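Shown next, in structure tokens, is the structure this report addresses.
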Amino acid sequence: QKEVEQNSGPLSVPEGAIASLNCTYSDRGSQSFFWYRQYSGKSPELIMFIYSNGDKEDGRFTAQLNKASQYVSLLIRDSQPSDSATYLCAVNSGGSQGNLIFGKGTKLSVKP
Amino acid sequence: ETGVTQTPRHLVMGMTNKKSLKCEQHLGHNAMYWYKQSAKKPLELMFVYSLEERVENNSVPSRFSPECPNSSHLFLHLHTLQPEDSALYLCASSQSGGQQDTQYFGPGTRLTVL
Chain G
1 QKEVEQNSGP LSVPEGAIAS LNCTYSDRGS QSFFWYRQYS GKSPELIMFI
51 YSNGDKEDGR FTAQLNKASQ YVSLLIRDSQ PSDSATYLCA VNSGGSQGNL
101 IFGKGTKLSV KP
Chain X
113 ETGVTQTPRH LVMGMTNKKS LKCEQHLGHN AMYWYKQSAK KPLELMFVYS
163 LEERVENNSV PSRFSPECPN SSHLFLHLHT LQPEDSALYL CASSQSGGQQ
213 DTQYFGPGTR LTVL
């Protein structure tokens, strides 16, 4: 059974700090990795995707991928209260069309 | 309209009712998906359509019946549902072969089965 694991949190950080969200996956053949943000009562919104080992930066967000360790993370710099949401990690193992496996999500709370 | 839209946004139905959820994507994508999101559980993929053909059905009960008349529209027909089917139903779309099939979600339909 292919699995994606995330710490459910809540993860609480002060405003302006770096929030670090982590995700591990079981399928070593996984090819692409996604981070979605979901505000309470809303649908998931794509933040970033990453395919290659290393770091990918987009504004205040940095995704990090380590395929050898089967680990992907999301760093949020200069965290803002508006970043408070649940962050979903999703993994595409490259099998069936669109077969994204989602983690349960990590709830982030940024305190002013 | 832009992105992915879903109607209705909220639905309350009895166990004997028949209703349909509608999804429309305005992104020019060729694949569409239905997901179920229940409290404390990860998103569950229900159905996948690529080029209007169903390619995956993750053992979903037959009381859920999808329909994809064209690449822009997707329906989920509901009948004789159970209270445990109450959840947020999300539609998503992607471009097969593009950006590793990045999926974009609609706002969802909050379904309550009484």
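Chains as they are written, first to last, in the working numbering: chain G, 1 to 112; chain X, 113 to 226. Backbone N, C-alpha and C fix where the C-beta goes; we use that ideal spot for every residue, glycine too. None of these values were measured; they are calculated from a predicted model.
Residue from X:Ser-174, X:Glu-168, X:Phe-176 and X:Leu-163 whose Cα sits closest to the Cα of X:His-185: Residue numbering aside, residue 185 of chain X sits at position 73 when the second sequence is read from its first letter. Taking only the C-alpha atoms, the option nearest X:His-185 is X:Leu-163.
Neighbourhood of G:Gln-80 by C-beta, 7 Å cutoff - its chain only, sequence neighbours within 5 removed: Counting from 1 along the first sequence, the entry for residue 80 of chain G is found at position 80. Excluding residues within five positions, the ones whose Cβ falls inside 7 Å are Glu-15 and Val-110.
Contact with chain X by G:Lys-104, beta-carbon distance below 8 Å: The residue given as residue 104 of chain G occupies position 104 in the first sequence. It does; some Cβ of chain X falls within 8 Å.
Exposure label - G:Ile-50; buried when at least 16 CB within 10 Å: For the purposes of this step, residue 50 of chain G is taken as the residue at position 50 of the first sequence. Burial call: buried.
Those residues which DSSP pairs with X:Arg-222 across a bridge: Your numbering for residue 222 of chain X matches position 110 in the second sequence. Answer is X:His-122 and X:Leu-200, bridged to X:Arg-222.
Contact set between G:Leu-46 and chain X, taken where Cβ atoms lie within less than 7 Å: By 1-based counting over the first sequence, the position of residue 46 of chain G is 46. The contacting residues are Thr-214 and Tyr-216.
Collapsed DSSP secondary structure at X:Pro-154 in the structure displayed: To locate residue 154 of chain X, count along the second sequence from 1; it is residue 42. Correct three-state label for X:Pro-154: coil.
Nearest-angstrom Cβ-Cβ length linking X:Ala-204 and X:Val-116, presumed shorter than 8 Å: Counting from 1 along the second sequence, the entry for residue 204 of chain X is found at position 92. Counting from 1 along the second sequence, the entry for residue 116 of chain X is found at position 4. 7 Å between Cβ atoms; contact.
Buried or exposed by the 16-neighbour rule on C-beta atoms within 10 Å, applied to G:Ser-12: Numbered from 1 along the first sequence, position 12 holds the residue referred to as residue 12 of chain G. By the neighbour-count rule (16 or more Cβ atoms within 10 Å), G:Ser-12 is not buried but exposed.
Beta carbon of G:Thr-106 nearer than 8 Å to that of G:Ser-43: Within the first sequence, residue 106 of chain G is the residue found at index 106, counting from 1. Within the first sequence, residue 43 of chain G is the residue found at index 43, counting from 1. In this structure, G:Ser-43 does not lie closer than 8 Å to G:Thr-106 by Cβ.
Short CB-CB distance (under 8 Å) between G:Leu-11 and chain X: The residue labelled residue 11 of chain G in the question sits at position 11 within the first sequence. Cβ-Cβ to chain X under 8 Å: no for G:Leu-11.
Straight-line Cα distance separating X:Leu-223 from G:Leu-46: Within the first sequence, the letter at position 46 stands for residue 46 of chain G. Within the second sequence, the letter at position 111 stands for residue 223 of chain X. So the two alpha carbons sit approximately 23 Å from each other.
Beta strand (DSSP E) runs wholly inside the region 124 to 194 of chain X, at least 3 long, in chain order: Scanning the region 124 to 194 of chain X from its first residue to its last, the whole beta strand (DSSP E) runs of 3-plus residues come out as 130 to 137, 143 to 149, 156 to 162, 165 to 169, 176 to 182 and 185 to 191.
Closer than 8 Å to chain X by CB, G:Ser-26: Taking the first residue of the first sequence as position 1, residue 26 of chain G is located at position 26. By this cut-off, G:Ser-26 is not an interface position.
Burial state of G:Ile-76 (16 or more Cβ within 10 Å): In the first sequence, residue 76 of chain G corresponds to position 76, counting from 1. It is buried - the Cβ of G:Ile-76 has at least 16 other Cβ atoms within 10 Å.
Interface residues of chain X facing G:Ser-43 [CB-CB closer than 7 Å]: Sequence index remark: in the first sequence, residue 43 of chain G carries index 43 (1-based). Going along chain X in sequence order, the residues near G:Ser-43 (Cβ under 7 Å) are Leu-202, Phe-217, Gly-218, Pro-219 and Gly-220.
Closer than 8 Å to chain G by CB, X:Pro-120: Reading the second sequence from its first residue, position 8 is the one you call residue 120 of chain X. For X:Pro-120, the answer is no, since every Cβ of chain G falls outside 8 Å of its Cβ.
Cβ-based contacts, 8 Å cut-off: residues of the region 157 to 186 of chain X near chain G: Leu-157, Val-160, Ser-162, Val-167 and Glu-168
CB of G:Ala-85 within 8 Å of CB of G:Arg-37, strictly: As a working mapping, residue 85 of chain G is identified with position 85 in the first sequence. As a working mapping, residue 37 of chain G is identified with position 37 in the first sequence. Yes; because the gap between Cβ atoms is below 8 Å, this pair is in contact.
C-beta contact flag for X:Thr-128 and X:Thr-192 at 8 Å: Mapped onto the second sequence, residue 128 of chain X falls at position 16. Mapped onto the second sequence, residue 192 of chain X falls at position 80. Contact: yes.
Option in X:Lys-130, X:Ser-174 and X:Glu-168 with minimal Cα separation from G:Asn-99: Here residue 99 of chain G is taken as the residue at index 99 of the first sequence, counted from 1. Closest by alpha carbon: X:Glu-168.
Neighbouring residues, chain G, relative to X:Lys-232 (Cβ below 9 Å): Past the boundaries of the shown model lies residue 232 of chain X; chain X is included only from 113 to 226, so the question cannot be answered.
Per-residue DSSP class, three states only, for G:Ser-69: The sequence position of residue 69 of chain G within the first sequence is 69, counting from 1. Coil at G:Ser-69, not helix or strand.
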